[in-house]
Structure formats: structure tokens, C-alpha cells
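Note that our numbering numbers the sequence shown so that position 193 is 193, with each residue one more than the last. Everything on this sheet refers to the single structure shown next.
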Amino acid sequence: TREWNKAKAEYGITDFHFAQFLANNKDTEFADKKKWNDVRKANVLRRLRSIAFTHSIHAFSCSVNRRDYDEVFSDSIREELGGHFTWTVRAVLGFIENWREKQQIKEPIEYIFSTMKGKPKREIDGVFDGALKIGNALHKYGIQPGCHSFRDMREILPLQAADLLAGCVYQADKVRVKGMAIPQYVADTFNYFLLKDGFFESKNQRRQSLARIAAIDPHLVVPESRAPKPTPKGTKPNQSRRIKI
């Protein structure tokens, strides 16, 4: 938190929100495209990703195409397991279980989600309530009563670091699924985490894998590992011009 606040102050950022930052959203502090150009954004991400990596133990991500999920899994399965977002939460809990076992971790984990309301929040509450009923949730997932909460990312700064990583995963999936070009600095940031040996487990679930899972047991998660790839085609910052940052 100290280092993140220091970096925000140096770059004149009040609150880092990846989607606003990337899109120069109107009515946000990143709206000025001349100020928040590609060079400045690349410098910010280099600084923030270094802080996030230095002060983290391990990173996980799981992603699924919402349309694939809705079309492959029946209404009854989705009713039981929740929507695509909740299903990926379940998947990440499975990754955490394997990680805890390999590292022989016994301590509980505090799970903090960015503030949300409505159905997604109710589904996530249901995931953790259900885990507590299995009897060995503490051993498997580090789950105990009261271990998960929903907090404002403007106050809990590590959530901003998680938002950065999640945003890069989403952009990388746009390259994989839709063949879209993304900014070079975003691709570089995704690969920065991915290439840190043993640090980042990033999984994506393709439609074919979902179909196999649906035919066997929709409670299973058989993720397809991402292999490090060359930087996706994107827009490289223009280094030939001097830009005041």
C-alpha cells in the first residue's frame, strides 16, 4: 500500500482503475489523452506491475467466454453452479486448493472481492457458505467463517493491483478469442507476470473443454494452461517523439 500510494502520487493518480486507465474514459482522471498517452501509460504499468509482483506470493486467474458458458451448460447446471463469473471463482478455489497442498499451507486465507451487489454477490456468498458445509474447507481452501468480504477498491489498494492483472488477462483473451490487437504495453504487462517462473497460473477454458466437462461432470475444472507466447500484436509507444510525462 505504501509503494502503491507513492507511485500514484508521482504520476498524479487518485485511484487506479484499469478499464478507465486503458480507455481514457470521459469524466475520469484519465480522460486527457494527451496527458495519458501510450508512453505515459507504459511507464505507469511498468511501475505498478513491479510493485504488484514484489509484494505478492502467488497469482491465479481463470477466464471463460460467457456465451460459451451459457450455451454449453444447461439451465439446471447454471442454476446450481451460478453464472460464468461465479464458476470461475469456483475454479480459482480449486487452483488454490492444489497450491495449498503443494506448499503445505495450513493457515486460513482472507478472500476480498471488489464491492458488488445483486446476483453475483449472492452467488459468491453461496460458494463460501457451501464450502463451509463440506467440513474440511479450512484445510482445502483456507476458508473459515467470516473469511470473505466485499470492499471498495479505492480503500483496499491491493484490489487495484488485482484489477490491473485482471484487466490484462481480459485484454489477452481478446487477442486469443477475437484476434483483436491490444496496446503493446498491456501485452507486455501480461507477459511480465506470465513469464515470472512459478508465480502466475493463468488458465482459460475453451468451448471444447467446457463441452467435455459438461458431458462428464460440470463440477470439474480441467483448465487449459496458457503457454508463454510472443507479445501479441499491439500498438508500440512512439519513442521517436519527446513527450512530457
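Positions of the beta carbon are idealized from the N, C-alpha and C atoms, including for glycine.
Smallest Cα separation from VAL186: which of LYS203, VAL44, ASP68, HIS58? Stepping through the sequence shown from its first residue, residue 186 is reached at position 186. Of the candidates LYS203, VAL44, ASP68, HIS58, the one whose C-alpha sits nearest the C-alpha of VAL186 is VAL44.
Is the beta carbon of GLU71 within less than 8 angstroms of some heavy atom of the ligand SAM? The ligand SAM is absent from the structure shown, which contains no ligands of any kind.
What are the start and end residues of the alpha helix (DSSP H) that includes ASN5? Residue 5 sits at position 5 when you count from the first residue of the sequence shown. In the DSSP assignment, ASN5 falls within the unbroken alpha helix (DSSP H) covering 2-11.
What is the DSSP secondary structure of LYS246, counted as helix, strand or coil? With the chain running from 1 to 245 in the structure shown, residue 246 is simply not present.
Less than 6 angstroms between C-beta atoms, sequence neighbours within five positions excluded: which residues of the same chain meet that for PHE190? As a position in the sequence shown, residue 190 is number 190, starting the count at 1. So the list reads CYS168, ALA172, once near-sequence residues are dropped.
Coil, strand or helix - ALA187 by DSSP: Counted from its first residue, the sequence shown places residue 187 at position 187. Helix at ALA187.
Measuring straight from C-alpha to C-alpha, what distance separates ILE57 and LYS133? What you label residue 57 is simply residue 57 of the sequence shown in a count that begins at 1. What you label residue 133 is simply residue 133 of the sequence shown in a count that begins at 1. In a straight line, the C-alpha of ILE57 is about 28 angstroms away from that of LYS133.
Taking LEU165 and ALA59 to be in contact with their CB atoms under 8 angstroms, please state how far apart those CB atoms are, rounded to whole angstroms. Taking the first residue of the sequence shown as position 1, residue 165 is located at position 165. Taking the first residue of the sequence shown as position 1, residue 59 is located at position 59. At roughly 6 angstroms, the Cβ-Cβ gap stays under 8 angstroms, so LEU165 and ALA59 are in contact.
Sequence-distant residues of the same chain with beta carbon closer than 8 angstroms to LYS196, five excluded per side: For the purposes of this step, residue 196 is taken as residue 196 along the sequence shown, with counting starting at 1. Around LYS196: PHE53.
Please report how far the alpha carbon of TRP4 lies from the alpha carbon of LEU159, in whole angstroms. Your numbering for residue 4 matches position 4 in the sequence shown. Your numbering for residue 159 matches position 159 in the sequence shown. So the alpha carbons of these two residues sit roughly 11 angstroms apart.
Buried or exposed: ILE216, going by 16 or more other Cβ atoms within 10 Å of its Cβ? Locating residue 216 in the sequence shown gives position 216, where the first residue counts as 1. ILE216 sits exposed, since fewer than 16 C-beta atoms from the chains shown fall within 10 Å of its C-beta.
If you follow the beta strand (DSSP E) that SER149 is in, where does it begin and where does it stop? Counting from 1 along the sequence shown, the entry for residue 149 is found at position 149. Note, SER149: beta strand (DSSP E), 148-151.
By DSSP, does ALA31 sit in helix, in strand, or in coil? Translated into the one-based positions of the sequence shown, residue 31 becomes position 31. Coil at ALA31, not helix or strand.
Residues in the same chain with beta-carbon distance under 6 angstroms from SER114, minus the five sequence neighbours each way, listed in chain order, please. For this step, residue 114 is matched to residue 114 along the sequence shown. Within the same chain, SER114 has close Cβ partners MET153, LEU159.
Here's the rule: buried if 16 or more other CB atoms are within 10 angstroms of the residue's CB, otherwise exposed. What is PRO183? For the purposes of this step, residue 183 is taken as the residue at position 183 of the sequence shown. With 16 or more other Cβ atoms within 10 Å, it is buried.
Inter-residue Cα distance where the pair is ILE105 and HIS139: Here residue 105 is taken as the residue at index 105 of the sequence shown, counted from 1. Here residue 139 is taken as the residue at index 139 of the sequence shown, counted from 1. When rounded, the separation of the alpha-carbon atoms in ILE105 and HIS139 is 8 angstroms.
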